[in-house]
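In this note's numbering, the protein residues as written are 1042 to 1549.
Built from N, CA and C at the ideal position, the CB exists for glycine as well.
Bear in mind that the values here come from a model prediction, so they are computed numbers and not experimental data.
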């Protein structure tokens, strides 16, 4: 499953703008006068690739097709190949595998709850021109900061005494650097808006400073800093295009800030109404169960998690190795949520979850926070179902796209596993192992053979006239760079839209 996740979820940055603008609007911005969203670009067996699906797959896809002289045709070729493998996956029933289907269910729930938030929260937020102006101006103010750092009070006192004795800040600043401490670890260039968003306390301090001056010692999270405002200036925008872009970004930031606040209240009320309680023995079992997989063995032993596991099993009336299906983890006034439901929820997100392993209490809090997050997701999904958002046309449309992508990824994963298994059998007892490059070449060859066989079974029809009418942001440009977008604020981390794998560049 992790290989399927990695295949789908390539995360490099957060992209919120897609959440704030309806997909139809974004598509229309580029194509209102040229093509309808439902027009068919290609048919692959009984799968229809619409202009809208192609547009989003292309826009949020890898850069390599955009660098070619036939950009759209190249992207469509690989999208068709993935649809052919998806058809083979459906034929073998891979989409019905529990791990695969649970991943699809999570993404579908994320789509439905996103629409619910747009209609029930975002639609009620009104633009405040004065607040947008404040954001707009703070985005124009750029800052350059440097700081002296110490992990203890004695170290920062030594810096402060040196400054008092007229040792220059810059000389102390330079002395910090060594083989493990670099310039970007002690300096920052940013806008005042970004600083206020990411570090409100520091922004408040910087707001009172003059360029060239430094702060008194600052104590944050058991660490000490002396910060110098190296420079501050206003970025003067001259072009109307840049001005409009910054104004739009400011409006989006205003909407996001307000939506975050309103959605927090929405979720908080949802949780409070349920009056949830985490069951002690189930929690202890879960903590030991996860610890076995994610903690170093020495830490697992030091925290006596094996004894905690034995005690939890005894209190739950279970024996080691027995199926834990049906064990209640969280109980609310209306419903119980089971341990195996959490395990499934965690499995689909484990690649992006980090635990605080500094001590057993911090580790326990990490797990407790995840349980509340799982409960949040379950309650939001239930609310979206009750309010009919799973039947929303845009949710159903995107769900079909994702279903094909997940089916394709399941087939790719199956082929990759078959190659690994075959190589393990062949190389049993051998000291040499195939390199990752060799395995990648073998996988490409195996996928190619399946695609060719699939083409013999399924009709592929391309409507070039529709493809030519689709307007995209960038094409036929050798200088286009990769930019991967990811939605991380919903129920599960994912790209905004499914697109072709970047590994397709190796097929060129």
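1) How big is the Cα-Cα spacing for residue 1117 and residue 1392?
2) Among 1067, 1108, 1111, 1104, which one has its Cα closest to the Cα of residue 1092?
3) Which residues mark the beginning and the end of the beta strand (DSSP E) in which residue 1186 is found?
4) With a threshold of 16 other CB atoms inside 10 Å of the CB of residue 1367, please say whether the residue is buried or exposed.
5) Please name the residue, chosen from 1150, 1139, 1435, that lies closest to residue 1451 on a Cα-to-Cα basis.
6) Count the other CB atoms, across all protein chains shown, that sit within 10 Å of the CB of residue 1545; report buried if there are 16 or more and exposed otherwise.
7) For residue 1379, tell me which candidate among 1502, 1532, 1357, 1406 has the shortest Cα-Cα distance.
8) Less than 8 Å separating the beta-carbons of residue 1475 and residue 1464?
9) Would you kindly check if the distance between the Cβ of residue 1481 and the Cβ of residue 1547 is under 8 Å?
10) For residue 1444 versus residue 1136, is the C-beta spacing smaller than 8 Å?
11) State the DSSP-derived secondary structure class of residue 1135, mapped to helix, strand or coil.
12) Roughly how many whole angstroms lie between the Cα atoms of residue 1542 and residue 1222?
13) Roughly how far, in whole angstroms, is the beta-carbon of residue 1504 from the beta-carbon of residue 1110, given that I think they are within contact range, below 8 Å?
14) Could you check if residue 1285 is buried or exposed, using at least 16 other CB atoms within 10 Å of its CB as the buried criterion?
15) Give me the Cα-Cα distance between residue 1217 and residue 1265, rounded to the nearest whole angstrom.
16) Anyone know if the C-beta pair for residue 1371 and residue 1336 falls short of 8 Å?
17) In this structure, how does DSSP classify residue 1251 when only helix, strand and coil are distinguished?
18) Are residue 1350 and residue 1323 closer than 8 Å when you measure CB to CB?
19) Taking the alpha-carbon positions, what's the residue 1430 to residue 1396 distance?
20) Which class does residue 1084 belong to by DSSP, given the choice of helix, strand or coil?
21) Fully enclosed by the segment 1474-1535, which beta strand (DSSP E) runs are 3 residues long or longer?
22) Quick one: grab the DSSP three-state call for residue 1270.
By the coordinates alone:
1) Whole-angstrom Cα-Cα distance: 30 Å.
2) Of the listed residues, the one whose Cα sits closest to residue 1092 is 1067.
3) It spans 1182-1191 - the beta strand (DSSP E) in which residue 1186 sits, taken as one unbroken run.
4) Residue 1367 should be labelled exposed.
5) Taking only the C-alpha atoms, the option nearest residue 1451 is 1139.
6) Residue 1545 is buried by the Cβ-count criterion.
7) Of 1502, 1532, 1357, 1406, the residue nearest in Cα terms is 1357.
8) Yes. Within cutoff.
9) It is a contact, given that the beta carbons lie within the stated cut-off.
10) Their beta carbons are under 8 Å apart, which means residue 1444 touches residue 1136 by this criterion.
11) Assignment of residue 1135 by DSSP, reduced to helix, strand and coil, places it in the helix class.
12) As the crow flies, the alpha-carbon of residue 1542 is around 36 Å from that of residue 1222.
13) Taking the Cβ atoms as the reference, residue 1504 lies roughly 20 Å from residue 1110, outside the contact range of under 8 Å.
14) Exposed is the call here.
15) Rounded to whole angstroms, the gap between the alpha carbons of residue 1217 and residue 1265 is 14 Å.
16) Residue 1336 sits away from residue 1371, with the two beta carbons spaced by 8 Å or more.
17) Here residue 1251 sits in coil by DSSP.
18) It is not a contact, given that the beta carbons lie outside the stated cut-off.
19) So the alpha carbons of these two residues sit roughly 33 Å apart.
20) The three-state reading of DSSP puts residue 1084 in strand, counting E and B together.
21) Whole beta strand (DSSP E) segments, 3+ residues: 1501-1503.
22) DSSP places residue 1270 in strand when its eight states are reduced to three.
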